[in-house]
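Chemist:
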Amino acid sequence: MNRSRVIEFEEIEGSIVLQIVTGYVEHIVYRNEENGYTVFHLETEEGEITCVGTFSMIHEGERLEVEGEYTYHSVYGNQLKVARFMVKELEDLISIQRYLGSGAIKGIGAALASRIVKKFKEDTFRIVEEEPERLAEIKGISESKARDVAHQIISKREQRNAMIYLQKFGITTALSAKIYKHYGEKIYKVLEENPYQISDHIVGVGFKTVDDIAIRGGVAFNSDFRIRSALLYVLGQGTGEGHVYLPLKNLAERTSSLLGFEIENIENVINDLAIERKVISKDVDGESRIYSSYFYYMELSVAKMLHNLNIGCEMSEELIEKSLEKVEKSEEIVLDESQRLGVVEAMKNCLMILTGGPGTGKTTTINAMIKFFEFERKSIMLAAPTGRAAKRMTETSGFEAQTIHRMLEVNGNPEENLGGFGRNKENPLDVDVIIIDEVSMVDLPLMNGLLQAIIPGTRLILVGDVDQLPSVGPGSVLKDIIDYGGFSVVTLTRIFRQAKESDIVVNAHKINQGQRVTLDNNSKDFFFLKRYDPEIVIGVMLTLIQEKLPNYVNAKPVDIQVMTPTRKGVLGVERLNIVLQNQLNPKKPGKEEIEIGDRIFRVGDKVMQIKNNYQMEWEIRTKEDIVVDKGSGIFNGDMGIVKEIIPYLEILQVEYDEGRVINYPFEMLAELEHAYAITIHKSQGSEYSAVIIPLLSGPRLLFNRNLLYTAVTRAKKCLTIVGSEMVFQEMIENKREHNRYTGLTERIKELEEVKE
Numbered sequence: 004m005n006r007s008r009v010i011e012f013e014e015i016e017g018s019i020v021l022q023i024v025t026g027y028v029e030h031i032v033y034r035n036e037e038n039g040y041t042v043f044h045l046e047t048e049e050g051e052i053t054c055v056g057t058f059s060m061i062h063e064g065e066r067l068e069v070e071g072e073y074t075y076h077s078v079y080g081n082q083l084k085v086a087r088f089m090v091k092e093l094e095d096l097i098s099i100q101r102y103l104g105s106g107a108i109k110g111i112g113a114a115l116a117s118r119i120v121k122k123f124k125e126d127t128f129r130i131v132e133e134e135p136e137r138l139a140e141i142k143g144i145s146e147s148k149a150r151d152v153a154h155q156i157i158s159k160r161e162q163r164n165a166m167i168y169l170q171k172f173g174i175t176t177a178l179s180a181k182i183y184k185h186y187g188e189k190i191y192k193v194l195e196e197n198p199y200q201i202s203d204h205i206v207g208v209g210f211k212t213v214d215d216i217a218i219r220g221g222v223a224f225n226s227d228f229r230i231r232s233a234l235l236y237v238l239g240q241g242t243g244e245g246h247v248y249l250p251l252k253n254l255a256e257r258t259s260s261l262l263g264f265e266i267e268n269i270e271n272v273i274n275d276l277a278i279e280r281k282v283i284s285k286d287v288d289g290e291s292r293i294y295s296s297y298f299y300y301m302e303l304s305v306a307k308m309l310h311n312l313n314i315g316c317e318m319s320e321e322l323i324e325k326s327l328e329k330v331e332k333s334e335e336i337v338l339d340e341s342q343r344l345g346v347v348e349a350m351k352n353c354l355m356i357l358t359g360g361p362g363t364g365k366t367t368t369i370n371a372m373i374k375f376f377e378f379e380r381k382s383i384m385l386a387a388p389t390g391r392a393a394k395r396m397t398e399t400s401g402f403e404a405q406t407i408h409r410m411l412e413v414n415g416n417p418e419e420n421l422g423g424f425g426r427n428k429e430n431p432l433d434v435d436v437i438i439i440d441e442v443s444m445v446d447l448p449l450m451n452g453l454l455q456a457i458i459p460g461t462r463l464i465l466v467g468d469v470d471q472l473p474s475v476g477p478g479s480v481l482k483d484i485i486d487y488g489g490f491s492v493v494t495l496t497r498i499f500r501q502a503k504e505s506d507i508v509v510n511a512h513k514i515n516q517g518q519r520v521t522l523d524n525n526s527k528d529f530f531f532l533k534r535y536d537p538e539i540v541i542g543v544m545l546t547l548i549q550e551k552l553p554n555y556v557n558a559k560p561v562d563i564q565v566m567t568p569t570r571k572g573v574l575g576v577e578r579l580n581i582v583l584q585n586q587l588n589p590k591k592p593g594k595e596e597i598e599i600g601d602r603i604f605r606v607g608d609k610v611m612q613i614k615n616n617y618q619m620e621w622e623i624r625t626k627e628d629i630v631v632d633k634g635s636g637i638f639n640g641d642m643g644i645v646k647e648i649i650p651y652l653e654i655l656q657v658e659y660d661e662g663r664v665i666n667y668p669f670e671m672l673a674e675l676e677h678a679y680a681i682t683i684h685k686s687q688g689s690e691y692s693a694v695i696i697p698l699l700s701g702p703r704l705l706f707n708r709n710l711l712y713t714a715v716t717r718a719k720k721c722l723t724i725v726g727s728e729m730v731f732q733e734m735i736e737n738k739r740e741h742n743r744y745t746g747l748t749e750r751i752k753e754l755e756e757v758k759e
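Structure below.
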């Protein structure tokens, strides 16, 4: 079976002689999944070379014939810029060498494996099994080591054969070992009958990987196994977009598009998956909703735990009034009717929700609650989804707050491992009161982890603005809890006098209520600069960042945040970050930088972590370089500054909030992106002294009231919008939102009906 494929790129101009090199992909250093730009090490007979180019799909361990020209890179040295390449079948010798050097045989590394195969060639395994003493002919192998190596190879004969066999499907050595560990000698039957089940059993293996394996192995294009696996993959993609389930019609359309043909009798496929307990089908108002079993039972679990926490606490009216008077006197405040109701509900209920927009007194109400519980000698914990939100909560309350992940003592990956939190059902939080802020950012998995660590009788107070954008992860938890209508919910609506002095606050409420905003710039903190050319918009923003705003808000240019609705386009995040980096942190002699793919990271850059990484370790050090705290976990949306780049160690160091310092290996820099400009979605839970928003035309579904409201409420001292007033007013009028498919409200109601 011929598995070679040839991919040609644009011809290289001029008379440069192209080099043709053959080898196998030793290590993929960087890959941009959107455009295929890849940097990798190619192991050849002459040694290792670094290759760069755009590749549709390659894997570590694949054998390539590449053609291109050599260029010089200041950090990486000589690189082969690939013009065209051919993927070839692994030759036997390469497969043998890859296996021996994979770590499967203790004491044999890549270099030693190369020497063994170079000497014995195709006869390697026969020599090992029949004449093991001859291994001592290899430099670096003693007679005793030769016997040990031979014993290992013989005892792992089946594993060896399986791993070499798997490499013929383009599977990396590391993944081959992982697959064999799970299936053992059954792997041949698995690949022959249904390779798609690998994605069900092996963490980190998705549909696209096994589909590539299956197609290479000759699985039918319309195989039932392929259809089932694609359905589960699409459900997983849906959760990545914030959905907890997908309507059957939507699921069918998306799966058919992925597979390349229209699926017939999809209900039969769903029924089969339901019998295997991989999906749950729920009919609501004539609509079939398809859940992955994992998220359906998580949603049900959250609903049950909310019910269990919803316990009343009887207090006499006299005691309540005395407590309120004591709190007001201590804090030197007078609570309005809604704020008093919020504190009273916190006194009387173990589960309550406090919601409201900016300037409505949520902070004052929280502080009053804290003071009441302190008078009652209750132990209290405060937390928020992000480091920035927790820091702000600490500053406004005077009471230490932390991230939810840190409070729950994250020690693994809770998205893949239910034991990812040190605090859970078996080891709950030992505290009387828990107050969580910015709950609109909390997704379903995080809420599930939080509730598992809280025992009934503990007071849980959830605080947030339900009109903000929903969480990045799946679910609309705060909205669904409020929509249920059976829990204690207090909504603050009055804008206080001090807040009314801020046009940011006043206009945010106008936007949220669909009212027109006057754009006359007769304001101290809300400005609209009307510009209609994208390049002029960018020029104005640079002037604001570099010259106008730093003194106005007493902040450094790096602290002024550009927020934009989109990633793509002339005013999207990707282009703006290139422009802003060049202007705000330009290349200078002596300033270290590293080029990874099509991005350059430079000391002083403002960067953002773009995915949850629960294993990444951080430290907090004093000026004397003494470690005062350490832990693990960095999360989607965390922002920091590049402090140091060490090329010879291939390390980039970033300092985050609270002085947490993380060392990123270069191969993990795909988890970072520049943050001079960020999307409005990524700004959730954060507050910035000054915010600049470029605003020209964009997708109507995205350019809506909800997005604009969230953007405006992120500014603390000054908000400047640069762009079209027509687009601004249209966004206020546009109530269309990207609806999320969630069922938490229905799960809660179902449990209430059972109780009745």
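All residue numbers in the sequence shown are consecutive under the numbering used here, ending with 759.
Positions of the beta carbon are idealized from the N, C-alpha and C atoms, including for glycine.
Assuming residue 576 and residue 681 make a contact with CB atoms under 8 Å, what is their CB distance in whole Å?
Modeler: Sure, about 6 Å apart at Cβ, within 8 Å.
Chemist: Kindly give me the distance between the Cβ atoms of residue 285 and residue 297, rounded to whole angstroms, as I take these residues to be in contact under 8 Å.
Modeler: Wrong, their Cβ atoms sit about 15 Å apart, outside the cutoff.
Chemist: Here's the rule I'm using: 16 or more other beta-carbon atoms within 10 Å means buried, otherwise exposed. How should residue 721 be labelled?
Modeler: Residue 721 should be labelled buried.
Chemist: Mind checking whether residue 519 and residue 735 have CB atoms under 8 Å apart?
Modeler: Yes; because the gap between Cβ atoms is below 8 Å, this pair is in contact.
Chemist: Going by CA-CA distance only, name the one from 466, 317, 308 that's closest to residue 369.
Modeler: With distances taken between Cα atoms, residue 369 lies closest to 466.
Chemist: Sort out for me which residues DSSP pairs residue 640 with in a bridge.
Modeler: According to DSSP, residue 640 bridges with nothing at all.
Chemist: Short check: CB of residue 596 to CB of residue 590, under 8 Å?
Modeler: Result yes, Cβ atoms of residue 596 and residue 590 sit closer than 8 Å.
Chemist: Let me know the secondary structure DSSP gives residue 743 once reduced to three states.
Modeler: Coil at residue 743, not helix or strand.
Chemist: Under the DSSP definition of a beta bridge, which residues are partnered with residue 693?
Modeler: DSSP output for residue 693 lists 721 as bridge partner(s).
Chemist: Between which two residues does the alpha helix (DSSP H) harbouring residue 117 extend?
Modeler: Element bounds for residue 117: 113 to 123.
Chemist: Let's test the definition: count the other Cβ atoms within 10 Å of the Cβ of residue 246 and tell me whether it reaches 16, buried, or not, exposed.
Modeler: Buried, since its Cβ has 16 or more Cβ neighbours within 10 Å.
Chemist: Buried or exposed: residue 704, going by 16 or more other Cβ atoms within 10 Å of its Cβ?
Modeler: Exposed, because fewer than 16 other Cβ atoms sit within 10 Å of the Cβ of residue 704.
Chemist: Under 8 Å, do residue 384 and residue 442 count as touching if we go by C-beta distance?
Modeler: Contact flag unset, no.
Chemist: Tell me the DSSP bridge mates of residue 459?
Modeler: Residue 459 pairs with 461.
Chemist: Counting pairs of Cβ atoms below 8 Å between the region 450 to 459 and the region 691 to 709, do you hit three or more?
Modeler: These segments do not touch.
Chemist: So what does DSSP say about residue 66, is it helix, strand or coil?
Modeler: Strand.
Chemist: Using the Cβ count rule (16 or more neighbours within 10 Å means buried), how would you classify residue 609?
Modeler: Counting Cβ neighbours within 10 Å, residue 609 comes out buried, since at least 16 surround it.
Chemist: Tell me the DSSP secondary structure of residue 748 in three-state form.
Modeler: Helix.
Chemist: Would you identify the three-state DSSP class for residue 222, choosing helix, strand or coil?
Modeler: Three-state result, residue 222: coil.
Chemist: Starting from residue 668, follow the alpha helix (DSSP H) in both directions and report where the run begins and ends.
Modeler: Element bounds for residue 668: not the alpha helix (DSSP H) but the beta strand (DSSP E), 664 to 668.
Chemist: Please report the Cβ distance between residue 659 and residue 641, rounded to the nearest whole angstrom; I am assuming they are in contact, meaning their Cβ atoms lie under 8 Å.
Modeler: At roughly 6 Å, the Cβ-Cβ gap stays under 8 Å, so residue 659 and residue 641 are in contact.
Chemist: Taking 8 Å as the cut-off, decide whether the C-beta atoms of residue 426 and residue 411 are in contact.
Modeler: Yes, Cβ-Cβ distance for residue 426 and residue 411 is below 8 Å.
Chemist: Jot down the residue ranges of each uninterrupted beta strand (DSSP E) in the region 450 to 537, minimum 3 residues, whole runs only, in chain order.
Modeler: Segments of the beta strand (DSSP E) lying fully in the region 450 to 537: 462 to 467, 491 to 495, 529 to 533.
Chemist: How big is the Cα-Cα spacing for residue 335 and residue 551?
Modeler: C-alpha separation (whole angstroms): 38 Å.
Chemist: Who are residue 285's beta bridge partners in DSSP?
Modeler: In the DSSP output, where bridge partners are listed per residue, residue 285 has 292.
Chemist: Identify whether residue 41 lies in helix, strand or coil by the three-state DSSP scheme.
Modeler: Strand at residue 41.
Chemist: If you draw a straight line from the alpha carbon of residue 343 to that of residue 649, how long is it in whole angstroms?
Modeler: Residue 343 and residue 649: Cα-Cα distance of roughly 55 Å.
Chemist: Rounded to the nearest angstrom, what separates residue 530 and residue 239 at their Cα positions?
Modeler: Rounded to whole angstroms, residue 530 to residue 239 spans 42 Å at the Cα level.
Chemist: Can you say whether residue 248 is buried or exposed, counting buried as having 16 or more other CB atoms within 10 angstroms of its CB?
Modeler: It is buried - the Cβ of residue 248 has at least 16 other Cβ atoms within 10 Å.
Chemist: Taking all protein chains shown into account, decide if residue 461 is buried (16 or more other Cβ within 10 angstroms of its Cβ) or exposed.
Modeler: Looking at its Cβ environment, which holds 16 or more other Cβ atoms inside 10 Å, residue 461 is buried.
Chemist: Only counting the same chain, and skipping five residues up and downstream in sequence, which positions put a Cβ closer than 8 Å to that of residue 27?
Modeler: Closer than 8 Å at the Cβ level, and outside the excluded window around residue 27, lie 45, 46, 64, 65, 66, 67, 93, 97, 101.
Chemist: Looking at the unbroken beta strand (DSSP E) that takes in residue 612, where does it start and where does it end?
Modeler: Taken as a continuous stretch (DSSP letters only), the beta strand (DSSP E) holding residue 612 covers 609 to 612.
Chemist: Apply the 10 Å Cβ neighbour rule to residue 517 and answer buried if 16 or more other Cβ atoms are within range, or exposed otherwise.
Modeler: Exposed.
Chemist: Could you tell me the alpha carbon to alpha carbon distance between residue 401 and residue 327, rounded to whole angstroms?
Modeler: Answer to the nearest angstrom: the Cα atoms are 20 Å apart.
Chemist: Could you check which residue in 475, 413, 393 has the C-alpha nearest to that of residue 405?
Modeler: Nearest of 475, 413, 393 to residue 405, Cα basis: 393.
Chemist: Considering just the uninterrupted stretch of the alpha helix (DSSP H) at residue 257, what are its terminal residues?
Modeler: 251 to 262 is the span of the alpha helix (DSSP H), which, as asked, contains residue 257.
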